[in-house]
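Engineer:
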Amino acid sequence: MSKRIHVVPHGDGWAARREGATRVGSTHATQAEATAAARTTAIRERGEVVIHRPNGQIRDANSYGNDPYPPKG
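Under full-length UniProt numbering, residues 1 to 73 are what the sequence shown spells out, in order.
1. I believe Gly-47 touches Arg-17 by the beta-carbon criterion, under 8 angstroms. Please report the beta-carbon distance rounded to the nearest angstrom.
2. Arg-44 to Ala-37, Cα distance in whole Å?
3. Identify whether Arg-44 lies in helix, strand or coil by the three-state DSSP scheme.
4. Just to confirm, are Thr-35 and Ile-51 a CB contact at a threshold of 8 angstroms?
5. Could you check whether Ala-42 and Thr-27 sit closer than 8 angstroms to each other, using their CB atoms as the reference points?
6. Closest to Thr-30 by CA distance: which of Pro-9, Val-24 and Thr-22 is it?
What follows is the structure, given as structure tokens:
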């Protein structure tokens, strides 16, 4: 299973869903709540959170593991 967790619109709220999963992992009233839940899981599993806009377009992505190319400095 992928370590990417997507924050996506779901019904009248938002959901955190693993990449490749058919069902959502958790549902939330706001995007901020869904992002916080996804972030907690990503930190624990050293994964990545991909946040979507209401229209489904990717808005932002954050990784919480060993990045293959960390920035210098």
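Note that beta-carbon positions come from the ideal geometry of N, C-alpha and C, so glycine has one too.
Structural biologist: Considering the structure as presented:
1. Not quite, the Cβ-Cβ distance comes to about 13 angstroms (not below 8 angstroms), so this is no contact.
2. 11 angstroms
3. helix
4. yes
5. no
6. Pro-9
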